[in-house]
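Start counting the sequence shown at 3; every next residue gets the next number (the working numbering). Glycine included, each C-beta is placed from N, C-alpha and C at the ideal position. So the structure is just underneath, and the comments pick up after that.
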Amino acid sequence: MSESIFTKIIKREIPANIVFENEEVIAFEDISPKAPVHILVVPKKHIATINDAGVEDAELLGKVILAAAEIAKSKGIAERGYRLVINCNEEGGQSVFHIHCHLIGGKKLSWNPD
Ligand code: AMP
């Protein structure tokens, strides 16, 4: 399988504005932000889509969500609120095939799946 662009960021082969990193998870600013805060929280393990995750990944995916919540706190948007989104495949709008959780906030978000 060819490397995802996010694996290249993890390996520091391409630059990114990294805001959080530990052994299993990395988070960096989205290159095309849709809101004042738009951060991608990414497991370092390559899993292409949420369809490909197994029960063995449950703890890792929980850590991704908890990292997103911590980053929201550090960005000062936790109390106001924010959104976590995982897109899956074409109709879900996924464009990078390495699971990632969008942390979006810093403004009042509308709810329109379109
Ligand atoms: P998705 O469409 O859910 O797969 O989200 C992929 C996200 O990755 C999009 O919001 C892109 O703007 C973002 N993205 C693509 N390439 C980069 C990059 N090199 N650095 C940061 N964000 C990126």
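At least one heavy atom of ligand 1 falls within 7 Å of the beta-carbon of I33. Per DSSP, the continuous alpha helix (DSSP H) segment holding A71 begins and ends at A60 to S76. By the Cβ neighbour-count rule, P38 is exposed, with fewer than 16 other Cβ atoms within 10 Å of its own.
Pairing H104 with N53, the inter-Cα distance amounts to about 17 Å.
Bounds of any alpha helix (DSSP H) do not take in I79, whose DSSP letter is neither H nor E. Per DSSP, the continuous alpha helix (DSSP H) segment holding F8 begins and ends at I7 to I12. Proximity to V44 across A60, S34, A69 and E61 peaks at A69, based on C-alpha coordinates.
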